[in-house]
Structure formats: structure tokens, C-alpha cells
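Okay, structure first, notes after.
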Amino acid sequence: MGYSKQCCSLFSLVLLLVACVNGEDPYRFYTWKVTYGDIFPLGVKQQGILINGQFPGPQIDSVTNDNLIINVFNNLDEPFLISWNGALQRRNSWQDGVYGTNCPIPPGKNYTYVLQVKDQIGSYFYFPSLGLHKAAGGYGGFKIVSRPLIPVPFDPPSGDITILAGDWYKSSHRDLRAILDSGKSLPYPDGLIINGGNSAVFTVDQGKTYRLRISNVGISTSINFRIQNHKLKLVEVEGTHTIQNYYDSIDIHLGQTYSVLVTADQPPKDYYIVASSRFTSKVFTASSILHYSNSKQKASGPLPAGPPPDFDWSLQQARTIRTNLTASGPRPNPQGTYHYGSINITRTIRLKNSAPTINGKLRYAVNSVSFVPADTPLKLADYFNIEGVFSLGSIPDKPTEGPGHLTTSVMAADFRGFAEIVFENTESYLQSWHIDGHSFFVVGMNKGQWSEASRGSYNLNDAVHRCSVQVFPKTWTAVYMPLDNVGMWNVRSQNWARQYLGQQFYLRVYSPVRSTRDENLIPSNALKCGKAVGH
């Protein structure tokens, strides 16, 4: 991470001076150089994606409402994009960093992202979104802390530690992509890693409490996280302060981030930190060390055992994760007179995943539609009224029984609606879903087939508010989501093979007013590609 003085390419000096005089929200400047480099995550030399020579990449440390200016130089031999998993782009899908909204950064070129973490707090991560780049690295932590005057529902910790854990393949991202392009599914990963390997050491002082922000940055596997002889006190999930339950271990599904407090209250020695795969026939394990600063004894004994390998245990744990209604968010009293349980639903959207064979090859689909990227980012096509790129209504808002088919699927949605979205999983594989640009209330999850009667079991009081959610096999998960962010937003599987082979679509949240109050103007540095060239 490094501060850059190249801001003048984005803003005139006069505007910056005015911003300073008027006390505008602070700016943070970063210059990132993306390269290939040698890494050894599982003890074998591989070509990884580095940012400023680092794997994982540099952390983004920000405060609510900060403006982030991130100048990314692509020194790879192929196009590149970075997305911000859960750090919402308010009124600004132009900066979302997925192919449906942005042209890729060509090799040897740069692009400057202009983000504002408007009215946000919490723990997230960024990652490369094109192809299978995520399997080669290029990801890093992204934290947003509360402004000094906003109360936080726990005492300030003595330290703040980012843990990026997930599955890893010894095969290159190109080889993994070739497997998928051939119509085959990916094999199990070769292992798990924590912060780029299996040798991380986190030093703590005895008697003090630390905040751990733990993300599952893998591409295919749920994990369980635990620390030998220590309790995990859950305090935040993807921007929401939670009821502060204690756990021996926590399941973290693909794309999710959990924030826990850990007190170094054990005898002074070293202790194992463990991440293990969930629901895989072979259990993969990564370990690192919690080192007491006054320790003279290495970690010993067996690695702490994980929970039983069944979905019921994980489902029951997920139901205990709820919002702390007495806590402030990025602003004081975020509940106010607004409460999700008292708002009328304007639309119900049911999404069913499947794995059809189309043209003799494995694909993944939503409501029988397998997404195919267009030659032009959908956001640009929408803005410039370019025909022939996508059609609204190209994906139905409820499951169909027909065979799977390919198309560039876009669903229309009205700004300021309030949607009930039901994810229905009839497969035997655990799903993990994410919606860019939005957070949602996880009001229910249960076994079997969803029906209108299922609403009787919804939590309409303190459901957790987040941006990624799991759907267990043969179950459903229901969320309530305000359609409060105009733009073209990616709805996707967090399993990257499924996303790559079509288990995604775009939600076009539209306002006929076309006001800058609702959505930012197209950036002056926006890259043009496909049919948008020349516009």
C-alpha cells in the first residue's frame, strides 16, 4: 500500500483545494502495480498474482465516508479487473470492477478507481474478478472503521488482525480455466492456506483482546475457523454489528467475512489457529500460530477438532447470527423509524440454481438461464443505449422447468422497491450467493421446498444484514433487500467455477429520473471497449 501523488489526473488542483477548505470527506490515495511473481502457498513454487510485490495484496484501511483513489497498473499479460466484495458502491456501479460494468484494464495500461465508502463500516476483501484470476491471488483485506464520534458496541481492541483463508490449487489459473472451458468440473483443491501459506504467526500480549477479521477468499470450499483453547466472540458480519455470542468455531462460507474478538486469556505459550474444509470427502487443513509475546513454549498437542461434518450443525449455527439492535452503524441510531420487518414487499424473486449440460458441456444456471458475457459491458451498453448487447427480462424471476439455455441475462428492477429474494437449492452442493451494490436481511433458511407459508417462520426482528449468504443443500434461504442503489449489479455464485460457467446474472436497478442524486455520472476516465468504443 502506498500513497500516490498522481491525483491531478483525476481532479483539478482547484477542486482539491475547495475540498480541503470545505472539510470534505478525506481522500486516501493508493498506487497498485499488478504483476506475476513466484509464490509458495503449499510449499510448491507457483506463478501468483502480486500487488506491489505482495501476496496477499496490501490492505485497505479506511474510515466511514472516506474517498479512495486507487490507481491500478496492469503489468500482467492479460486483461485484469478488481472488485470490492461487499464494500458497496453507493450510486456508483461504474466502479464495481466486474465485467458487466467495467471494461478490463488492458495489459500495460492503468485505471484509477474512485470509490467512496459512504455510510459503511465493517470487514470485507477485494479480489480479481476476471476468469480464474482469483485462484492465483491478487486479493487483500478491506476494512472500514467507524468515525471517532460513533459508538462501537465493544471496547477498543489492542490490535486488529486480518486473516484471509481459503482453498488453493497447485494448478495455474489458466489450467483451471481450461478445465472449465472443456466442459468439466474442477477437482477438489490441493489444500487450504492462511494469509498466503501455512506459516503465519500472529503475536498477542497475554490478557489483551484482539479483533480478527476473517474472510473466506477461496473459490470452491466452505471452511471452519477455530483457535486452540480460545473462544471466538462474534461482533460483526460484513458491516453489521451482531449479537455477541461466543463460539468454539465458526463456519465461513465462500465470499463471507466474520469479525471476532479473541482474548489472550490462556497460559503463555503458542496456540494453533486452524482453518479446515467443510463438507468435502477429504478434509483439508491449514494452520498458523497465535503466539503469546511472553511465550517460551511452542504449540503442542493435536490440532483442535472441528465440528461434525453435517449440514444441520452449520444451519443451526447460521440461525444464531443476528443483528445487535442496540448498536450504532456508520451513523448513530441506524434503525430510527425504519425497520425491515414493517416494510411492504413490492416484489418476490425466486432463484433456483442448477447444473445443466448445454451443447454437450457442463454449465451452471439460475432459473434455467446460464449467463454468457457480452462483448460490451452491460453498464456501458445501457448508458449509451447500444442495442443488441442484452435484453431486460432475459431471466425470469421464478424457476422454470425447461432445459438450460445460454444468454446474457439481465433482470429489471425498480429503484426504491423492496424485494423478497428466495434462493432455492435442490442440489446436494452448498451454495453461496452475493449481490453487488446491496446488503440484505437474511430473514429465513430451512429445509425442503419454499412456499408462501414459509414466511411464517421468517425472523422479522433482528435478522443479520449482510451481502453474502449460504444456501444449504435441499434447502432455501430468504432475504429482504431494499432496491436502494441505482445501477447494473452482479448477482452471482461465490463458487468461482459456477460463476464462470454461468451461475450469475445482472440486476438493473433503474430510476427514470436519471439524477446525480441517485447515480453518479459516468467517470471521465471510463474505459471503452466492445460496441462502446467511439461513444
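Numbering follows the UniProt record's numbering, in which position 55 of the sequence shown is assigned residue number 55; successive positions increment by one, without gaps. Beta carbons are placed, not taken as given, at the ideal position from N, Cα and C, and that holds for glycine.
C-beta atoms of residue i and residue j nearer than 8 Å
| i | j | result |
| --- | --- | --- |
| residue 186 | residue 497 | yes |
| residue 299 | residue 340 | no |
| residue 125 | residue 217 | yes |
| residue 225 | residue 249 | yes |
| residue 182 | residue 136 | no |
| residue 394 | residue 432 | no |
| residue 287 | residue 213 | no |
| residue 430 | residue 384 | no |
| residue 490 | residue 98 | yes |
| residue 223 | residue 295 | no |
| residue 219 | residue 134 | yes |
| residue 229 | residue 206 | no |
| residue 325 | residue 413 | no |
| residue 204 | residue 293 | yes |
| residue 30 | residue 527 | no |
| residue 425 | residue 353 | yes |
| residue 465 | residue 240 | yes |
| residue 68 | residue 115 | yes |
| residue 78 | residue 58 | no |
| residue 144 | residue 201 | no |
| residue 524 | residue 486 | no |
| residue 378 | residue 506 | yes |
Beta carbon proximity, residue i to chain D, threshold 8 Å
| i | result |
| --- | --- |
| residue 487 | Reference to chain D is not applicable here, since this structure consists of a single protein chain. |
Burial state of residue i (16 or more Cβ within 10 Å)
| i | result |
| --- | --- |
| residue 169 | buried |
| residue 316 | exposed |
| residue 416 | exposed |
| residue 21 | Because the pLDDT of residue 21 is 35, which lies under 50, any placement of that residue in the model is unreliable, and the number read from its coordinates should be weighed accordingly. So residue 21 counts as exposed. |
| residue 453 | exposed |
| residue 131 | buried |
| residue 343 | exposed |
| residue 96 | buried |
| residue 246 | exposed |
| residue 83 | buried |
| residue 320 | exposed |
| residue 449 | exposed |
| residue 388 | exposed |
| residue 410 | buried |
| residue 574 | Since the first and last residues shown for the chain are 1 and 535, residue 574 lies out of range. |
| residue 121 | buried |
| residue 514 | exposed |
Among the options, nearest to residue i - alpha-carbon criterion
| i | options | result |
| --- | --- | --- |
| residue 63 | 525, 330, 76 | 330 |
| residue 141 | 528, 435, 55 | 55 |
| residue 104 | 219, 373, 163, 65 | 373 |
| residue 521 | 32, 263, 93 | 93 |
| residue 280 | 309, 295, 256 | 309 |
| residue 221 | 247, 189, 205, 204 | 189 |
| residue 349 | 107, 129, 400 | 400 |
| residue 147 | 25, 483, 406 | 25 |
| residue 158 | 201, 263, 523 | 263 |
| residue 282 | 191, 207, 195 | 191 |
| residue 256 | 513, 524, 495 | 495 |
| residue 440 | 88, 46, 44, 29 | 88 |
| residue 306 | 464, 322, 252, 233 | 252 |
| residue 536 | 68, 405, 381 | No statement about residue 536 is possible, as the shown extent of the chain runs from 1 to 535 and does not include it. |
| residue 402 | 210, 365, 60 | 365 |
| residue 154 | 107, 289, 425, 244 | 244 |
| residue 85 | 508, 201, 507, 492 | 492 |
| residue 27 | 346, 118, 436, 199 | 118 |
| residue 474 | 444, 428, 507 | 428 |
| residue 356 | 274, 144, 184 | 184 |
| residue 351 | 434, 42, 392 | 434 |
| residue 532 | 461, 386, 396, 518 | 386 |
| residue 53 | 90, 100, 139 | 139 |
| residue 269 | 254, 312, 297, 237 | 297 |
The ligand NAP heavy atom lying under 7 Å from the CB of residue i
| i | result |
| --- | --- |
| residue 412 | No copy of the ligand NAP occurs in the structure displayed, which carries no ligand at all. |
- Contained alpha helix (DSSP H) runs [length at least 4] in the UniProt domain "Plastocyanin-like" (160 to 295), N- to C-terminal order: When DSSP assignments are scanned along the UniProt domain "Plastocyanin-like" (160 to 295), the uninterrupted stretches of alpha helix (DSSP H) that are 4 or more residues long and fall wholly within it turn out to be 173 to 181.
- Message: In chain order, what are the residue ranges of uninterrupted beta strand (DSSP E) at least 3 long that sit wholly in the UniProt domain "Plastocyanin-like" (34 to 147)?
- Response: 46 to 51, 60 to 63, 67 to 74, 82 to 85, 110 to 116, 122 to 128, 140 to 145
- Sequence ranges, alpha helix (DSSP H) only - wholly within the UniProt domain "Plastocyanin-like" (375 to 512), length at least 4: 378 to 383, 496 to 500
- Query: Do the region 487 to 505 and the region 358 to 376 touch if we need at least three Cβ pairs shorter than 8 Å?
  - Reply: yes
- Are the region 477 to 496 and the region 414 to 429 touching by the rule of at least three beta carbon pairs closer than 8 Å? yes
- Message: Whether or not the region 31 to 44 and the region 67 to 84 are in contact is what I'm after, with contact meaning three or more pairs of Cβ atoms, one per stretch, closer than 8 Å; do they touch?
- Response: yes
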